[in-house]
Amino acid sequence: MIILPAIDLYDKKAVRLYKGDYNQMTVYSDKPWEFAREFYEKGAKWLHLVDLEGAKDGTTPNLETIKRIVAETGLLVEIGGGIRNMEVVEKYISIGVSRVILGTAAVKDPGFLREAVARYGEKVAVGVDIKDELVAIKGWTEVCELNCFDFCRQLEELGVRTVICTDISKDGALKGTNLELYRRLSKEFKINFVASGGVTTIDDVSELKRIGVYGAILGKALYTNNIDLKEAVELCKEGN
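Listed below in structure tokens is the structure:
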């Protein structure tokens with residue numbers, strides 16, 4: 258199982274929002290590439306990035322920062338946040354990003370998703386945010402009448418290989434992750450699921466690995482030192 262430490266970007270800085278509120282923002286570093294390099298030095302191979310400005314307006318204001326992270330850290334980078342057209346996908350792929358994550362656009366514009374997967378294959382992932390088994394979009398502000406299992410079936414049929422799956426009720430709460438959800442998803446689909454939201458302790462990491470989940474994103478638990486990144490990476494190595 259791969260471990261993906263997470264960095265949210267805003268105004269070229271590494272930040273965290275409190276409950277998704279842009280007015281309650283903590284800045285952790287104004288040199289995110291150095292912040293990311295620390296993750297690499299602790300053994301991480303992947304980095305999960307979210308462009309918070311891009312998520313709001315569909316642009317790429319942090320492109321140069323992301324380019325520097327890719328060039329200077331040695332990490333494989335996946336990026337999400339407002340990727341709504343092929344031009345943005347191509348921009349990110351061209352600077353060496355390993356995987357782009359389509360969110361709302363994957364639900365609202367299946368033609369775009371189909372084209373992106375046809376052109377870039379495994380470099381295209383989908384973020385599926387879940388509230389009571391329904392898919393949420395637009396930064397969790399809107400819940401569709403779309404069952405998450407039905408949606409994952411559609412994604413599998415389209416050839417999507419990787420899905421970043423977030424249980425909204427668990428995200429940032431530091432009260433554990435939804436193991437039952439990931440267990441069921443892993444059984445029903447031949448998709449690489451990345452668990453996101455509520456991964457709080459090293460025991461959560463251990464359980465996700467046991468279930469057979471492809472990856473786990475570590476966000477708040479890293480920033481609060483609930484989980485030691487080096488320990489998590491070591492635990493998830495093959496043979497451990």
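So in our numbering, the last one in the sequence shown is 497, and the numbering has no gaps at all. We put the beta carbon where it would ideally sit given N, CA and C, even for glycine.
Q: Give the straight-line distance between the Cα atoms of Ala-375 and Ile-358, rounded to the nearest whole angstrom.
A: In the sequence shown, the residue the question calls residue 375 occupies position 118. In the sequence shown, the residue the question calls residue 358 occupies position 101. Each residue's Cα considered, the two are about 15 Å apart.
Q.
Could you give the first and the last residue of the continuous alpha helix (DSSP H) run that contains Ser-443?
A. Locating residue 443 in the sequence shown gives position 186, counting from the first residue. Ser-443 -> alpha helix (DSSP H) spans 436-445.
Q. For Ile-474, which of helix, strand or coil comes out of DSSP?
A. Position 217 of the sequence shown holds residue 474. Ile-474: strand per DSSP, three-state reduction.
Q | Selection from Gly-315, Ile-336, Leu-412 and Lys-288 that minimises the alpha carbon distance to Leu-261 | A | Position 4 of the sequence shown, counting from 1, holds the residue named residue 261. Ranking the options by Cα distance to Leu-261, first place goes to Ile-336.
Q. Cβ of Ala-393 versus every heavy atom of the ligand NAD: is any distance shorter than 7 Å?
A. In the structure shown, the ligand NAD is absent, as is every other ligand, since no ligand is present at all.
Q | Residues of its chain near Ala-430, where Cβ-Cβ distance is below 7 Å and the 5 sequence neighbours each way are ignored | A | Against the sequence shown, residue 430 aligns to sequence position 173. Confidence in Ala-430 is poor, its pLDDT being 47 and thus under 50, which makes the residue's placement unreliable; the coordinate value appears in the next sentence. Result list for Ala-430: Gly-455, in chain order.
Q: Could you pull out every residue in the same chain whose Cβ sits closer than 6 Å to the Cβ of Glu-464, ignoring the five residues on either side in sequence?
A: Numbered from 1 along the sequence shown, position 207 holds the residue referred to as residue 464. These residues qualify, in order along the chain: Leu-436.
Q: Please name the residue in Ala-362, Val-272, Lys-494 and Phe-369 whose C-alpha comes closest to that of Trp-290.
A: What you label residue 290 is simply residue 33 of the sequence shown in a count that begins at 1. Cα-wise, what sits closest to Trp-290 is Val-272.
Q: Identify the continuous alpha helix (DSSP H) that holds Thr-330 and give its terminal residues.
A: In the sequence shown, the residue the question calls residue 330 occupies position 73. Segment 320-330, the alpha helix (DSSP H) holding Thr-330.
Q. So, using beta-carbon positions, are Leu-309 and Ile-264 closer together than 8 Å?
A. Numbered from its first residue, the sequence shown carries residue 309 at position 52. Numbered from its first residue, the sequence shown carries residue 264 at position 7. No, the Cβ-Cβ distance between Leu-309 and Ile-264 is not below 8 Å.
Q. Does the Cβ of Met-258 have 16 or more other Cβ atoms within 10 Å, making it buried, or fewer, making it exposed?
A. If you number the sequence shown from 1, residue 258 lands on position 1. By the neighbour-count rule (16 or more Cβ atoms within 10 Å), Met-258 is buried.
(Q) Within the continuous alpha helix (DSSP H) that includes Glu-348, where are the two ends? (A) As a working note, residue 348 is residue 91 in the sequence shown. At residue 348 the sequence reads Lys, which differs from the Glu that was named. Segment 343-351, the alpha helix (DSSP H) holding Lys-348.
(Q) Spatial neighbours of Cys-422 within its chain, please: C-beta separation below 6 Å, excluding the five flanking residues on both sides. (A) Position 165 of the sequence shown holds residue 422. Cβ within range, chain order: Val-385 and Phe-450.
Q) Does the Cβ of Thr-481 have 16 or more other Cβ atoms within 10 Å, making it buried, or fewer, making it exposed? A) Taking the sequence shown and counting its residues from 1, one reaches residue 481 at position 224. Exposed: under 16 other Cβ atoms inside 10 Å.
Q: For Val-284, count neighbouring Cβ atoms within 10 angstroms of its own Cβ and tell me buried if that reaches 16, exposed if not.
A: In the sequence shown, counting from the first residue as 1, residue 284 sits at position 27. By the 10 Å Cβ count, Val-284 comes out exposed.
Q: For the beta strand (DSSP E) holding Ile-468, just list the boundary residues, first then last.
A: Within the sequence shown, residue 468 is the residue found at index 211, counting from 1. No beta strand (DSSP E) holds Ile-468; the alpha helix (DSSP H) holding it covers 459-468.
Q) For Cys-493, which residues of its own chain have a beta-carbon under 6 Å away from its beta-carbon, when the five flanking residues on both sides are left out? A) Translated into the one-based positions of the sequence shown, residue 493 becomes position 236. Hits under 6 Å: Met-258, Ile-260 and Lys-466.
**Q.** Val-392 beta carbon less than 8 Å from that of Tyr-439
**A.** One-based indexing of the sequence shown puts residue 439 at position 182. One-based indexing of the sequence shown puts residue 392 at position 135. No, the pair does not count as a contact, with Cβ atoms beyond the cut-off.
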